[in-house]
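Peer 1: My structure is below; once you've seen it, I'll send some questions.
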């Protein structure tokens, strides 16, 4: 028996198996391209059975969805810190820096490239542009706040501005992947948002 929130050995092993499958899939996607990887290859690299894969992921695309879930969990953590800042501009820039830093350290070029490649597949759900994601909610809330205080322009709705800002955020990720990581992702990405996008938002 376990006490409190302690995990049993079986639960620990299950989590380890899921992580092996997840990491093996991402590494293969990066090496061979998302469309060229089979589930058989994923389980072979992870050293698990095919049945184990289907316990944790319905399809290989679910691996990509899992990556988005991890990203969104991080956005939830960022959102809780934004109340410490006074202006909408500060909050947008803090969100931007945190987003870029997390993506660089926790995902890296190979995973970001894989995520974007998977989203170009016409048969897959476009998770990256799902307006229900927490990122869109946070950006929209920041913009609404800026409009109410007179800091941000209000000739366009918060929803329209949110679409524009998040499109530019995606463009930064895509451009870095296209350039094979040849420029400073965090510094250049932050500068793009702060010097270009923020100026377009200000009233």
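Numbering (the numbering used here), first residue to last: 4 to 206. Glycine included, every Cβ here is placed at the ideal spot set by N, Cα and C.
Excluding the 5 residues flanking residue 71 on each side, which residues of the same chain have their C-beta closer than 8 Å to its C-beta?
Peer 2: For residue 71, where only same-chain residues beyond five positions count, the Cβ hits under 8 Å are 118, 130, 131, 136.
Peer 1: Pair every Cβ in the stretch 185-196 with every Cβ in the stretch 148-162, then say whether three or more of these pairs are closer than 8 Å.
Peer 2: With a cut-off of 8 Å, the stretch 148-162 and the stretch 185-196 do not count as touching, because too few Cβ pairs lie within range.
Peer 1: For the alpha helix (DSSP H) containing residue 204, name the first residue and the last one.
Peer 2: Unbroken alpha helix (DSSP H) run through residue 204: 201-204.
Peer 1: Does the beta-carbon of residue 4 have 16 or more other beta-carbons within 10 angstroms, so that it is buried, or is it exposed?
Peer 2: Bear in mind that the predicted position of residue 4 carries a pLDDT of just 42, short of 50, making it unreliable; the figure below should be weighed with that in mind. With fewer than 16 Cβ atoms within 10 Å of its Cβ, residue 4 is classed as exposed.
Peer 1: Can you give the Cα-Cα distance for residue 149 and residue 109, rounded to whole angstroms?
Peer 2: Approximately 30 Å, taken between the alpha carbons.
Peer 1: Is the beta carbon of residue 29 less than 8 Å from the beta carbon of residue 78?
Peer 2: No, the Cβ-Cβ distance between residue 29 and residue 78 is not below 8 Å.
Peer 1: Would DSSP call residue 32 helix, strand or coil?
Peer 2: Residue state, collapsed to three classes: helix.
Peer 1: Ignoring anything shorter than 4 residues or poking outside the stretch 81-169, list the alpha helix (DSSP H) runs there in chain order.
Peer 2: Here the runs fully enclosed are 91-105, 111-122, 137-151.
Peer 1: Classify residue 195 as helix, strand or coil using the three-state DSSP reduction.
Peer 2: Looking at residue 195 - three-state DSSP - the assignment turns out to be helix.
Peer 1: Would you grab the beta carbon distance between residue 24 and residue 45 for me? Rounded to a whole angstrom, and I think it's under 8 Å.
Peer 2: Contact flag correct, Cβ pair sits at about 6 Å.
Peer 1: Sort 167, 178, 181 by Cα distance to residue 200 and report the nearest one.
Peer 2: Measuring from the Cα of residue 200, the nearest candidate turns out to be 167.
Peer 1: Identify, in the order they occur along the chain, each residue of the same chain with its Cβ nearer than 8 Å to the Cβ of residue 205, setting aside the five sequence neighbours on each side.
Peer 2: 92, 154, 155, 156, listed in sequence order.
Peer 1: What number of angstroms, rounded off, separates the C-alpha of residue 124 from the C-alpha of residue 13?
Peer 2: So the alpha carbons of these two residues sit roughly 36 Å apart.
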